[in-house]
Amino acid sequence: MKMVGLVDSYEEALIYAEKYNVDILEKKPMELILAINEYLTLEAITLPQPAGISGEELKEKLELEDILILQDEDGNQNPYRLRDRFQVEENSYVSLVRTDQEKNSEYDVYFYRWVPGDLQLFALKEDEWIKVEKSYQLQREQHKESELENGIDTESGE
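Under this note's numbering, the first residue of the sequence shown carries the number 445, and numbering increases by one thereafter.
Now the structure itself:
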């Protein structure tokens, strides 16, 4: 069983709000505490954690096409390939694909907020996920259009 530390004061919630880039405008103290606790709980339940690598090694690992071994909520370790690093507004994100799915015609893409040079990947709440997914798709479409304009075959890279 995983223990989750929750906040119980407004001051503590402000510290976490800054760490996780949670919008505090127009939030009453209790609303902010609840929002931070929801985020902490969601992160503890759903976030695969890097297994057995140090912060220095992770900096080196976060190169495109590298494989990260992440641990899911059941304790299973699964390999994910880093597909993209990208920015949305002020935040950095990564997209990951499970290596056992990447050869399929369709596969799931997992998005995480990432602080360059930090060991942690942060789970996204639903509203942030929607924004990141739309931005990611738009950036991919623009990249494909750019390659077509330059005469590069997006499938083969030629």
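Ideal Cβ positions, reconstructed from N, Cα and C, are used throughout, including at glycine. Since we're looking at a predicted model, the values are computed, not measured.
Start and end of the alpha helix (DSSP H) containing residue i?
| i | result |
| --- | --- |
| Gln581 | Glu570 to Glu593 |
| Leu458 | Tyr454 to Tyr464 |
Among the options, which has the Cα closest to the Cα of residue i?
| i | options | result |
| --- | --- | --- |
| Ile574 | Leu478, Tyr556, His587 and Glu585 | Tyr556 |
| Tyr537 | Asp544, Leu582, Asp528 and His587 | Asp528 |
| Leu568 | Glu482, Ile459 and Met474 | Glu482 |
| Phe566 | Asn535, Lys471 and Leu469 | Asn535 |
| Tyr524 | Ile459, Glu570, Gln531 and Ser539 | Ser539 |
| Gln581 | Ala457, Phe530 and Asn548 | Phe530 |
| Tyr554 | Asn548, Gln564, Lys547 and Val541 | Val541 |
| Ser579 | Val532, Gln521 and Ala457 | Val532 |
What does the alpha-carbon distance come out to for the pair residue i and residue j?
| i | j | result |
| --- | --- | --- |
| Asn465 | Ala479 | 12 Å |
| Leu514 | Leu450 | 24 Å |
| Glu462 | Gly595 | 44 Å |
| Asp452 | Leu469 | 19 Å |
| Leu512 | Lys472 | 39 Å |
| Thr543 | Asp571 | 27 Å |
| Asp552 | Glu517 | 17 Å |
| Lys547 | Asp467 | 38 Å |
| Leu592 | Gln583 | 14 Å |
| Glu456 | Met474 | 12 Å |
| Glu577 | Ser590 | 20 Å |
| Ser549 | Gln564 | 30 Å |
What distance in whole Å lies between the Cβ atoms of residue j and residue i, which are believed to be in contact at a cut-off of 8 Å?
| i | j | result |
| --- | --- | --- |
| Tyr454 | Leu476 | 7 Å |
Over the uninterrupted beta strand (DSSP E) stretch that includes residue i, give me the two end residues.
| i | result |
| --- | --- |
| Pro523 | Gln521 to Val532 |
| Gln515 | Ile511 to Gln515 |
| Ser536 | Asn535 to Arg542 |
| Tyr551 | Looking at the DSSP string, Tyr551 is not in any beta strand (DSSP E), and its letter there is neither H nor E. |
Tell me whether residue i is buried or exposed, calling it buried when 16 or more other Cβ atoms sit within 10 Å of its Cβ.
| i | result |
| --- | --- |
| Val559 | exposed |
| Ile459 | exposed |
Using a Cβ-Cβ distance under 7 Å, would residue i count as near chain B?
| i | result |
| --- | --- |
| Asn520 | The structure shown contains no chain B, having only a single protein chain. |
For residue i, verify whether its CB is less than 6 Å away from any heavy atom of the ligand COA.
| i | result |
| --- | --- |
| Phe555 | Ligands displayed in this structure: none; no statement on the ligand COA is therefore possible. |
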